[in-house]
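Chemist:
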Amino acid sequence: MATASKKKLAQWDPTDIKAELLEKYPPKVARKRAKQIMINEALQNDTPSLTANVRTIPGIITMRGCTYAGCKGVIMGPTRDIVNLVHGPIGCSFYAWLTRRNQTEAGPDGENYMTYCFSTDMQEQDIIFGGEKKLAAAIQEAYDLFHPKSIAVFATCPVGLIGDDIHTVAANMKAKLGDCNVYAFSCEGYKGVSQSAGHHIANNQVFRHLVGQNEVPKEGKYKINLLGEYNIGGDGFEIDRIFKKCGITCISTFSGNSTYDQFTSSHQADLNAVMCHRSINYVADMMETKYGIPWIKVNFIGAKATAKSLRKIAEYFGDKKLIDTVEKVIAEELPEVEAALKEIKPRTEGKTAMMFVGGSRAHHYKELFDELGMKTISAGYEFGHQDDYEGRQVLPNIKIDADSRNIEEIEVEADPTRFKPRKTDKQLKALEKAGYRFKHYAGLAVDMDKNTLVIDDLNQYEAEKLVELMKPDIFCAGIKEKFSIQKLGVPMKQLHSYDSGGPYAGFKGAVNFYHEIDRLVNSRVWGYMKAPWQKNPQLSASYNWE
Ligand code: CFM
1358 MATASKKKLA QWDPTDIKAE LLEKYPPKVA RKRAKQIMIN EALQNDTPSL TANVRTIPGI
1418 ITMRGCTYAG CKGVIMGPTR DIVNLVHGPI GCSFYAWLTR RNQTEAGPDG ENYMTYCFST
1478 DMQEQDIIFG GEKKLAAAIQ EAYDLFHPKS IAVFATCPVG LIGDDIHTVA ANMKAKLGDC
1538 NVYAFSCEGY KGVSQSAGHH IANNQVFRHL VGQNEVPKEG KYKINLLGEY NIGGDGFEID
1598 RIFKKCGITC ISTFSGNSTY DQFTSSHQAD LNAVMCHRSI NYVADMMETK YGIPWIKVNF
1658 IGAKATAKSL RKIAEYFGDK KLIDTVEKVI AEELPEVEAA LKEIKPRTEG KTAMMFVGGS
1718 RAHHYKELFD ELGMKTISAG YEFGHQDDYE GRQVLPNIKI DADSRNIEEI EVEADPTRFK
1778 PRKTDKQLKA LEKAGYRFKH YAGLAVDMDK NTLVIDDLNQ YEAEKLVELM KPDIFCAGIK
1838 EKFSIQKLGV PMKQLHSYDS GGPYAGFKGA VNFYHEIDRL VNSRVWGYMK APWQKNPQLS
1898 ASYNWE
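Add 1357 to a position in the sequence shown, counting from 1, and you land on the number used in our numbering.
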């Protein structure tokens, strides 16, 4: 098996592949796309060498989503006891309703609005005469029905076009209701070049209206927040299980299975562990500036990555008891992982994978494929920024364009009474000296092999072309890509929805993933994609009048 894959790798040259991908485009389009296709050098340069977070060229079938999706669906969607009310035509709500597989568990209070679909159901007359009254009435109706602690309002494209002032409506309703925190997000679908802009808009408002609102002290010795974990397919439940076993208190998760209380208490944590850098780094930075909570990058996708992240958290607290418990937990969990690998790895070793997912999973899931001995030959994000590819050291050199400038940057200062450094300068220096890096993400490219292809905002045409040219053993992306890739005879794994599988995080998740990939790459069904008559036509016919 391994030799067969090696042979396949030797067949292509990345420069040729890049040229072939661009060949069909008109010259202007080819020039633009060329900047988003990088032949990897696995360097950590200061200057970005890949262009990202720019507009998709009209006419190209992108894999991306919209700004509303990033705000309402991604960041706020997974929280369970906030009523998420969409101001807009019903389609925007309907297509965002229960489609992201972010799981919830109601907990003792029983509050869970996940299964509901709240919308103002805007009609033509609202577009003409304005929808503010309708929005106020909908907030009142939701309040009367459920008495939630909080109602969040999301703007869809027409709201921005007609200029409804959703923030004033929200503020007025908050004052009127008294015991319900109401706020709004100007996350119209067109606001940015992708869902990434929606993350930023969501982060700003969460920070403004939620973080720091609850001063009731949270118990726990090692208090952290897990930022950028959305509990897709139950990933968050597996991570929670491991944290509990280790004695780590997770004050809040942004935002898998989260509650209003978690968001509002999150400033009490002593460390922010950032899982998905793309979607939540803004909150991590703002919390550090305002409250003094340091942040580190973690990854719980992959058994080794999970062990590494747990050790990193333990090292931060520096407490012998925690360090020992973490080691004990790792020692308890790893045998199951190793047993699974012993059985599966001989069947997956040397096979090849491609991943084009969102803004962080292409990197995170590479860890799992590494564990299986599989080589990631091409990867990229739909909407990652240059720092997600090449590391945060490129940040000062990223050119800010008009589209990014369009998204608000909020000014944050140290809180006069609540800012509290979690570590002394001396402690921080000692950690850094021992190789500990705060506020840092190294990006995808440095973990990709030399001469692999790192591609931003891959599209339908290029995806099919890549598969045709490089023939990976598995391709990972989303539902829009699923069937066109499978028709080419290559198994396709959805890494957004997990094809209804999961969890894949943590130790148990890793074992799940190994089994799933084994089944996919070793199934013989992909060899039967062509019907026998397509391979060797046996009959030819003519009409009787011919
Ligand atoms: Fe972060 Fe996500 Fe992702 Fe993302 Fe997403 Fe998602 Fe994703 Mo789909 S927050 S960037 S906007 S890890 S919904 S849980 S799978 S594209 S790679």
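Every residue, glycine too, gets a C-beta built ideally from N, C-alpha and C.
#1: Is proline 1505 near cysteine 1474, with beta carbons less than 8 Å apart?
#2: Since glutamine 1562 is in the alpha helix (DSSP H), which residue starts that stretch and which ends it?
#3: If you run the structure through DSSP and keep just helix, strand and coil, what is threonine 1646?
#4: Helix or strand or just coil, what does DSSP make of leucine 1845?
#5: Contact defined as beta carbons within less than 8 Å: I believe alanine 1862 pairs with phenylalanine 1657. What is the distance between those atoms, to the nearest angstrom?
#6: Can the beta-carbon of tyrosine 1798 be found less than 8 Å from the beta-carbon of histidine 1634?
#7: Measuring only the C-alpha atoms, how far is valine 1714 from leucine 1852?
#8: Go through its chain and collect everything with a Cβ distance to alanine 1359's Cβ below 8 Å, but skip five positions before and after it.
#9: Could you say which of Ile1831, Ser1735 and Val1878 lies nearest to isoleucine 1374 if we only look at CA atoms?
#10: Can you name, in chain order, every residue of its own chain whose Cβ lies under 6 Å from the Cβ of tyrosine 1587, other than the five neighbours on each side?
#11: Answer yes or no: do isoleucine 1418 and alanine 1509 have a C-beta to C-beta separation smaller than 8 Å?
#12: Would you mind sorting threonine 1372 into buried or exposed? The rule is 16 or more other CB atoms within 10 Å of its CB.
#13: Would you identify the three-state DSSP class for glutamine 1750, choosing helix, strand or coil?
#14: Quick one, which of Glu1789, Thr1682 and Thr1781 has its alpha-carbon nearest alanine 1671's?
#15: Give the C-beta separation of alanine 1528 and cysteine 1428 to the nearest angstrom, bearing in mind that I take them to be a contact with Cβ-Cβ under 8 Å.
#16: State yes or no: is the C-beta of leucine 1810 within less than 8 Å of the C-beta of isoleucine 1396?
#17: In terms of residues, what are the limits of the alpha helix (DSSP H) holding serine 1450?
#18: Check whether the Cβ of histidine 1557 lies closer than 7 Å to any heavy atom of ligand 1, and answer yes or no.
#19: Answer with buried or exposed for glycine 1737, where buried requires no fewer than 16 other C-beta atoms within 10 angstroms of its C-beta.
#20: I need the straight-line Cα distance from serine 1636 to aspartate 1618, nearest angstrom please.
#21: Determine the DSSP secondary structure at leucine 1583, reduced to helix, strand or coil.
#22: Determine the burial state of methionine 1632: buried for a count of at least 16 other Cβ atoms within 10 Å of its Cβ, exposed for fewer.
#23: Verify the contact flag: histidine 1742, CB atom, against every heavy atom of ligand 1, threshold strictly below 7 Å.
#24: Just confirm the distance between the C-beta atoms of phenylalanine 1776 and glycine 1649, as a whole number of angstroms; I'd bet it's less than 8 Å.
#25: Alanine 1630: which of Pro1651, Ser1622, Thr1646 and Thr1616 sits nearest, CA to CA?
#26: Measuring only from the beta carbon, is valine 1714 closer than 7 Å to any heavy atom that is part of ligand 1?
#27: On the criterion of 16 or more Cβ atoms from any shown chain inside 10 Å, does arginine 1794 qualify as buried, or is it exposed?
#28: Less than 7 Å between the CB of glutamine 1891 and some heavy atom of ligand 3, yes or no?
#29: In or out: phenylalanine 1451 buried (at least 16 other Cβ within 10 Å) or exposed?
#30: Run through the DSSP bridge pairs and tell me what histidine 1444 is partnered with.
#31: Ignore the nearest five residues each way along the sequence and tell me which others in asparagine 1410's own chain have a CB closer than 6 Å to its CB.
#32: Classify glycine 1546 as helix, strand or coil using the three-state DSSP reduction.
#33: Expressed to the nearest angstrom, what Euclidean distance is found between the alpha-carbon atoms of leucine 1442 and phenylalanine 1511?
#34: Looking only at DSSP bridge pairs, what is glutamine 1851 linked to?
#35: To the nearest angstrom, how far is the alpha carbon of valine 1803 from that of isoleucine 1432?
#36: Please determine whether the Cβ atom of glutamine 1552 lies at a distance below 7 Å from any heavy atom of ligand 1.
Modeler: Reading it off the structure:
#1: no
#2: 1552-1566
#3: helix
#4: coil
#5: 5 Å
#6: yes
#7: 7 Å
#8: Only weak support exists for where alanine 1359 lies, its pLDDT of 42 falling under 50; the value from the coordinates is given anyway. Glu1706 and Gly1707, listed in sequence order.
#9: Ser1735
#10: Pro1435, Asn1459 and Gly1613
#11: no
#12: exposed
#13: helix
#14: Thr1682
#15: So it is not a contact: roughly 19 Å between Cβ atoms.
#16: yes
#17: 1447-1451
#18: no
#19: buried
#20: 21 Å
#21: strand
#22: buried
#23: no
#24: 5 Å
#25: Pro1651
#26: yes
#27: exposed
#28: Ligand 3 is not among the ligands present in this structure, which contains only ligand 1.
#29: exposed
#30: Ala1512
#31: His1742
#32: coil
#33: 6 Å
#34: Ala1834
#35: 27 Å
#36: yes
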